[in-house]
Structures are given as structure tokens and as C-alpha cells.
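S.K.: Below you'll find the structure I mean.
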Amino acid sequence: MNKISLAILLMILTMIPCHGQNLSIKENYDVTVIGGGASGVCAAVQSARLGAKTLLIEDAPWLGGMLTSAGVSAIDGNYWMRSGMWGEFLDKLVLHYGSLDALKTGWVSHVQFEPSVGNDIFQTEVNKTPHLKTMMNTSLIGLHHNDNGNWNLTVKSDSIHHAIETTILIDATELGDVASKAGVPFSLGMDARSETGEAEAPDEANVFIQDMTYAITVRCYDTPHLISRPENYDPKEFCDACINPYNVDSLVRKTLWSPEMMLSYGKLPNNKFMLNWPIWGNDTFLDDIDFSPKRRKELWHKAKAKAIRYLYFMQHELGMTNISIDTTEYPTADHLPIIPYYRESRRFRGIVRFSVNDIRNPYGNNLYRTTIASGDYPIDHHHDENSEACQIERKIPIVPSFGLPLGCLIPEKEDNLILAEKCISVTHLANGSTRLQPVAMQIGQAAGTLAAMAAKRHCLPRSVSIREVQNTLLSCGTYLLPILDATPQDKDFKPLQRIAATGILRSISFNRDWRNETWMNVDSLLMAKDLSMLFNFYGMKSKTPAEHFVSMGTLMKYLKIIAKKERIHLPNNLSDYKLKKVSTISDKHVTRRQYALLVDSLLHPFERYDVDFKGELLNARK
Numbered sequence: 001m002n003k004i005s006l007a008i009l010l011m012i013l014t015m016i017p018c019h020g021q022n023l024s025i026k027e028n029y030d031v032t033v034i035g036g037g038a039s040g041v042c043a044a045v046q047s048a049r050l051g052a053k054t055l056l057i058e059d060a061p062w063l064g065g066m067l068t069s070a071g072v073s074a075i076d077g078n079y080w081m082r083s084g085m086w087g088e089f090l091d092k093l094v095l096h097y098g099s100l101d102a103l104k105t106g107w108v109s110h111v112q113f114e115p116s117v118g119n120d121i122f123q124t125e126v127n128k129t130p131h132l133k134t135m136m137n138t139s140l141i142g143l144h145h146n147d148n149g150n151w152n153l154t155v156k157s158d159s160i161h162h163a164i165e166t167t168i169l170i171d172a173t174e175l176g177d178v179a180s181k182a183g184v185p186f187s188l189g190m191d192a193r194s195e196t197g198e199a200e201a202p203d204e205a206n207v208f209i210q211d212m213t214y215a216i217t218v219r220c221y222d223t224p225h226l227i228s229r230p231e232n233y234d235p236k237e238f239c240d241a242c243i244n245p246y247n248v249d250s251l252v253r254k255t256l257w258s259p260e261m262m263l264s265y266g267k268l269p270n271n272k273f274m275l276n277w278p279i280w281g282n283d284t285f286l287d288d289i290d291f292s293p294k295r296r297k298e299l300w301h302k303a304k305a306k307a308i309r310y311l312y313f314m315q316h317e318l319g320m321t322n323i324s325i326d327t328t329e330y331p332t333a334d335h336l337p338i339i340p341y342y343r344e345s346r347r348f349r350g351i352v353r354f355s356v357n358d359i360r361n362p363y364g365n366n367l368y369r370t371t372i373a374s375g376d377y378p379i380d381h382h383h384d385e386n387s388e389a390c391q392i393e394r395k396i397p398i399v400p401s402f403g404l405p406l407g408c409l410i411p412e413k414e415d416n417l418i419l420a421e422k423c424i425s426v427t428h429l430a431n432g433s434t435r436l437q438p439v440a441m442q443i444g445q446a447a448g449t450l451a452a453m454a455a456k457r458h459c460l461p462r463s464v465s466i467r468e469v470q471n472t473l474l475s476c477g478t479y480l481l482p483i484l485d486a487t488p489q490d491k492d493f494k495p496l497q498r499i500a501a502t503g504i505l506r507s508i509s510f511n512r513d514w515r516n517e518t519w520m521n522v523d524s525l526l527m528a529k530d531l532s533m534l535f536n537f538y539g540m541k542s543k544t545p546a547e548h549f550v551s552m553g554t555l556m557k558y559l560k561i562i563a564k565k566e567r568i569h570l571p572n573n574l575s576d577y578k579l580k581k582v583s584t585i586s587d588k589h590v591t592r593r594q595y596a597l598l599v600d601s602l603l604h605p606f607e608r609y610d611v612d613f614k615g616e617l618l619n620a621r622k
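Be aware that the sequence shown starts at 1, since it is given in the working numbering, and climbs by one per residue.
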């Protein structure tokens, strides 16, 4: 046999896997995202949009996580802050269903849709994004750092093992499985008051997490579609879910919802319904987070069984005989969602740990200068299925809307790993608001931005400029802070957000029932006392003018003083400049919007001064 024939034979033999072994494929990426939930999709798409070679790995056949695979296709929060990719997703839902009003089918939220439609939107987006590869039905087997500081991953897909080398790794799993496998310290359950400083936290820490839910997507059929009586069925289990024959106390009956209201809570388009009823419905306490994925799936049967008992109760005790499982939504044998709905995850310790105190008092520290996502939903906890947890958890605090610091996404002691979804560095109490999916999508977009920048610059994520991350997000229409009177459609959105992130012009936040609000009052007149933050920012003694409202002349005088101190060259014809940059309502007084625009365009405080993860100002850039 000649050398050429021998070479060909050897090549063929190497391509044939030995009996009992799987073919190993080696691949290299700048960024790898594990977890294809809403946050993971946003992270992967954003990373790829910024030019990083990106891999998205998901162990389920669908993308979208909680919004699709878990069947919780009702989105709470951020309806008036359609930030970044969350806004893009909402726009695609509107395009599919025809209007925003078409999404207001139930009363639990303003946005409700069919889970399969959400999956299609996410799949379409990743498929059309250059530089992005997606591996579905793929599980992580192992990971470790190599000698270059990069990550070596072993993943399994269709019985084939893939060896992946990636510079940056993003954990976007529902429960923080990647960071846990990497050995990053985490908290699970309620934090002690002495650790977080939160007045509402319990005296001692415990492992009680929020109830989870196995949601069911049902539809209204033309004829009865009754399911078989489940094991261990007792109608009294759901006697307080709504007004029903098993709830005989007339005083209690007055406080309960009707069966019709209970069903319409999660009404979806096309005569479908989401069964995710929090009032003695199908919520389940299942302490299964810190288990192997295999053992976790075995424990899901408990939550599934309760959900089926709940549906049987609705059919047989409430007379909803035509309401039954929609057999067209999910690619599962039992037609139930692919995964359950988890409200809580492992929470890893990051450079910053975001707490209720930070939300309640946004200017109590300087973290507001480092924000990369905004949320406006109240803190919402579910512990009804765990009576002990109900007794321990103190009154849930009332908080305003908030901005989430970038430091929550970076583990304190692990490099080249970025956190996304619910596993970010927050307290148990704060998680009750940061867990909402519009926030998770923004977190993912920020994680993808940070990852791509770090990979392309060959530096650690913690070394990337916070201001550069924020600027990139602003260019994508992402809110840094939850200011309602400056939307991405406002031509002044970016400068107003930039000045808000310096603290030179502060906003007012408050709670309004189940909607929290933050306003900058941009069209109100600038008051003399507002200038104190400007002087504080530049380390100058406050010079409060005698006038109650600030005139344009007074403002320009102070801006010139600061410019001289900072060695900033101002335009020669400043009078013409300000008239071109800022439309004046009055020659006498300045509005807060005009003030923000002039400070931003003349002094450039946001661009000139980067910040550390605590929000402290770094040396000015020249």
C-alpha cells in the first residue's frame, strides 16, 4: 500500500467513531451563553450584533424560557418603559396580533400571548442574527478554565460531545446551574436582616424560596373535554381558590374571586388561557433548586400533579367542562409546558449586591450612576404553599421603580463569567422585583454588551468601562434609569438619561398601587436648589443663586465657571450655541430639560467621568 492510500485510509478511520464512543467536535467562540430563556436570547443576540462570535446553548427544544417553555406568557412590568430588546419583543407581538389592545386579553397584565408565538419570535431572531450559532437540546457536561484563562466546555447534543473553548461565559440558566458548576458562592432562600440591612428581612437566614408553578395552557373547546380523576384528588385542596361549593363561609366568600374572574386572569388570544393562579391555585413549594437537573426533573412531578388536580377541580367542581389542555401548544408527550415556572434561583455574590434599601432610597449611595436596566414592578413574593415561610417573611416593602447596577452581573471572585436571568447578585427580597421578565431581558442585553466588549478587547468584564457599556445600551433604546417623561422616541432621550446617570439632575420616584413611577419633570422650571448637585459633582462649593427659578444668564455664568475649572473649551459664540442646541420657552427662566441638554452638550460629565462599580467618579478623560 502506497503512502497516499495509507493516508486516505487513516483519514477515513478517524472519521468513524469507535463502538460505544461519541464523536467529539471542537469549536471556538468569543462568547458562549448557556440558557436560552428570554435573558439568554437577548444576551446572545446583543453579543452577536456587536460582532462577537457567539454561541447560544439551550437544553430544551424551545427558546424563551419562562415566557414560552414554562407557559407563563403574561408579562408584568415595564409596560410604559419598552426598553431595548424588551421593546423589540413587544413590537413583534404587536405585529403578530395586530395591535397593543389585542394583547390585553386577560386582567393579570397588559401583554398576553400564546407561548408558541413567543418561541417563534425568539427563534426567528436568533436565526437571522449574523455571528450567532444556536445549539438546542444541548446540555452542559463540564467546564473549567484553561491555561489561557478561557473556558473549556464539554456539551452534549444528539449523543455527540462538543468541546467548546470560549473567552467569555454567560450563565443565563433559569436556576444558575453554570455558575454553580463553576464553584461561585451563592445564596439560596431568605437572607438574614443582619446581613442585608433590610428591615423586612427575617432575623435569621433560611433556605425557603418562593413557590414555583407548573402552569398549564388550556383552551375552550366546543364540547366537554374531561380529564381523568387524578390520584390523591381532594376538592378541599382548592376551596379558597375562588367562590365554590366547598367554600361555605359567607364572610370568606365575599373576599374571593368568582370562577370566571379566576379563569380570565390569564386569558390569552385565540380563546386560550394560562392556568397560573396564585391564590390557592397551582402554586407549589418545591425545594429542588440545588439538585442535579436529573433529580430536579423527577421532583417536577409533584408540581405537575397539583396542576392537573387544579384543572380537574375547575372541570368537575366549577362546571368548566369545556376547558381542557391545549394539545397544540407544546412539543411534549403530556402537552404540558416543557419546564415549570421558577420565581427564584440561586443568587450569586457579585461585585455589588442589590438590596431593597438600594431600591427604596435610590440616592442613598451612588449605584444609580452604574445602572444598565430598569424595572417598575412591585416586590412580589409567593409563599402561600409554605406556611412556615409565610410566618417568617415580614411585610413586603413598598418601593419605587429602580435602576439595576452593572456590578450585579459580575461575580465577585470569578473572571470571564457574567450572570444573567434570576441568578444575579441581589437579595431575596429584591429578587421579588428584579425577577420580572422585562428586567431579565434588559439584564441579558447588558450581559451580552459587556461580554462582547470584553472579548473583543481581550480584557476581563470587570475592566470594561461602565460608561461605554451604558452608552452602547442607550444607542439601543435601553433605559438606564426608569424616567417616564423621556422615552426612546424623545429626541432628547440619550442626553436626559446621561444626565440622570450623573445625578446632576435628580428625579422623583414613588409607588402607585401596582405601578411604580419615576419622573424627572423635564418641562418644569429649574429651581435654584437644583444647582447644588451640579456643584457637588464637580467638587465645588455650592453657589445657590438668590432667585427662586434659574435664569438663562445665571446658568450660563455658572457653566462658564465650571468649564474654566475643568479646562473645557466652550464655543466662541455661546449665545448662538445655546439657542441652536436648546429651544427656549422663555428668555428669563430655564426648564429642567434645557438645563440637562446644556450641561450634557457643554460639559459632557457623563463621557468625561467614568465610574467604578460603586458609582464613585474616576479621573476625568481629556
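Heads up, the beta-carbon is just placed ideally off N, CA and C, and yes, glycines get one too. The structure displayed is predicted, hence computed values, not measured ones.
In terms of residue numbering, what span does the beta strand (DSSP E) encompassing residue 171 cover?
M.R.: Unbroken beta strand (DSSP E) run through residue 171: 160 to 171.
S.K.: Do you know offhand how far residue 422's Cα is from residue 196's?
M.R.: C-alpha separation (whole angstroms): 18 Å.
S.K.: Spatial neighbours of residue 625 within its chain, please: C-beta separation below 8 Å, excluding the five flanking residues on both sides.
M.R.: Nothing in the structure corresponds to residue 625, since the chain is present only between 1 and 622.
S.K.: I need the straight-line Cα distance from residue 203 to residue 192, nearest angstrom please.
M.R.: If I take the Cα positions, the gap works out to 5 Å.
S.K.: Can you give, in chain order, each stretch of the beta strand (DSSP E) that sits fully within the stretch 108 to 192 and has at least 3 residues?
M.R.: Fully enclosed beta strand (DSSP E) runs of 3 or longer: 132 to 135, 138 to 145, 151 to 157, 160 to 171.
S.K.: Have a look at residue 549 and residue 531 and give me their C-alpha separation to the nearest angstrom.
M.R.: Cα to Cα, residue 549 sits roughly 10 Å from residue 531.
S.K.: What are the complete alpha helix (DSSP H) segments, minimum 4 residues, inside the stretch 493 to 535?
M.R.: Segments of the alpha helix (DSSP H) lying fully in the stretch 493 to 535: 493 to 500.
S.K.: Report the rounded CA-to-CA distance for residue 449 versus residue 135, giving the unit in angstroms.
M.R.: Roughly 21 Å separates the two Cα atoms.
S.K.: In the DSSP assignment, what are the bridge partners of residue 27?
M.R.: 164.
S.K.: Whole angstroms is fine: what's the gap from residue 463's alpha carbon to residue 608's?
M.R.: Straight-line Cα distance between these residues: approximately 17 Å.
S.K.: Indicate whether the contact test is met: 3 or more Cβ pairs, each with one atom in the stretch 518 to 526 and one in the stretch 542 to 556, closer than 8 Å.
M.R.: Taking 8 Å as the limit for Cβ pairs, the verdict is that the stretch 542 to 556 does touch the stretch 518 to 526.
S.K.: When burial is assigned at 16 or more other CB atoms within 10 Å of the CB, is residue 80 buried or exposed?
M.R.: With fewer than 16 other Cβ atoms within 10 Å, it is exposed.
S.K.: Let me know the secondary structure DSSP gives residue 373 once reduced to three states.
M.R.: Here residue 373 sits in strand by DSSP.
S.K.: State buried or exposed for residue 569, treating a residue as buried only when at least 16 other CB atoms are found within 10 Å of its CB.
M.R.: Per the 10 Å Cβ criterion, exposed.
S.K.: Applying the 10 Å Cβ sphere with the 16-neighbour rule, what's the burial state of residue 147?
M.R.: Result: exposed.
S.K.: By how many angstroms is the C-alpha of residue 328 removed from the C-alpha of residue 641?
M.R.: This structure gives no information on residue 641, because the portion of the chain shown stretches from 1 to 622.
S.K.: So which of 248, 376, 600, 330 has the shortest CA-CA distance to residue 73?
M.R.: Ranking 248, 376, 600, 330 by Cα distance to residue 73 puts 330 first.
S.K.: Determine the DSSP secondary structure at residue 283, reduced to helix, strand or coil.
M.R.: The answer is strand: DSSP assigns residue 283 an E or B state.
S.K.: Hey, how far is the Cα of residue 435 from the Cα of residue 230?
M.R.: Whole-angstrom Cα-Cα distance: 32 Å.
S.K.: Can you check the stretch 250 to 324 for any alpha helix (DSSP H) of at least 4 residues that lies completely inside it and give the ranges in chain order?
M.R.: With a minimum length of 4 residues, the continuous alpha helix (DSSP H) runs that stay inside the stretch 250 to 324 are 250 to 253, 259 to 264, 293 to 316.
S.K.: Quick check on DSSP: helix, strand or coil for residue 16?
M.R.: Because residue 16 sits at a pLDDT of 42, beneath the cut-off of 50, its placement in the model cannot be relied upon, and the point is left open.
S.K.: In terms of residue numbering, what span does the alpha helix (DSSP H) encompassing residue 431 cover?
M.R.: Segment 428 to 434, the alpha helix (DSSP H) holding residue 431.
S.K.: Is the CB-CB distance between residue 160 and residue 188 below 8 Å?
M.R.: No, the pair does not count as a contact, with Cβ atoms beyond the cut-off.
S.K.: Within 10 Å of its beta-carbon, does residue 459 have 16 or more other beta-carbons around it, so buried, or fewer, so exposed?
M.R.: With fewer than 16 other Cβ atoms within 10 Å, it is exposed.
S.K.: As an exercise, report each continuous beta strand (DSSP E) stretch of at least 3 residues that is fully enclosed by the stretch 19 to 100, in chain order.
M.R.: Qualifying beta strand (DSSP E) stretches, in chain order: 24 to 34, 54 to 57.
S.K.: Tell me whether residue 294 is buried or exposed, calling it buried when 16 or more other Cβ atoms sit within 10 Å of its Cβ.
M.R.: Exposed, since its Cβ has fewer than 16 Cβ neighbours within 10 Å.
S.K.: Report the rounded CA-to-CA distance for residue 240 versus residue 277, giving the unit in angstroms.
M.R.: The straight-line gap from Cα to Cα measures roughly 12 Å.
S.K.: Which value, in whole angstroms, describes the spacing of the CA atoms of residue 470 and residue 494?
M.R.: If you take the alpha carbons of residue 470 and residue 494, they lie about 10 Å apart.
S.K.: Tell me, please, whether the stretch 363 to 379 touches the stretch 336 to 351 by the rule of three or more beta-carbon pairs shorter than 8 Å.
M.R.: Counting Cβ pairs under 8 Å, fewer than three are found: no touch.
S.K.: Roughly how many whole angstroms lie between the Cα atoms of residue 21 and residue 165?
M.R.: In this prediction, residue 21 scores a pLDDT of 47, lower than 50, which makes its location untrustworthy; the coordinate-derived value is nonetheless stated afterwards. Whole-angstrom Cα-Cα distance: 21 Å.
S.K.: Are residue 141 and residue 155 close, meaning C-beta to C-beta below 8 Å?
M.R.: Their beta carbons are under 8 Å apart, which means residue 141 touches residue 155 by this criterion.
S.K.: Please say whether residue 356 and residue 474 have beta carbons closer to each other than 8 Å?
M.R.: No. Outside cutoff.
S.K.: Am I right that residue 483 and residue 447 are in contact with their C-beta atoms under 8 Å? What's the rounded C-beta distance?
M.R.: Contact doesn't hold; Cβ gap of about 23 Å is too wide.
S.K.: Between residue 127 and residue 157, which are expected to be in contact by the criterion C-beta below 8 Å, what is the C-beta distance as a whole number of angstroms?
M.R.: About 17 Å; that fails the 8 Å criterion.
S.K.: Of all the CB atoms in chain B, is at least one closer than 8 Å to the CB of residue 93?
M.R.: The chain inventory of the structure shown lacks chain B, comprising one protein chain alone.
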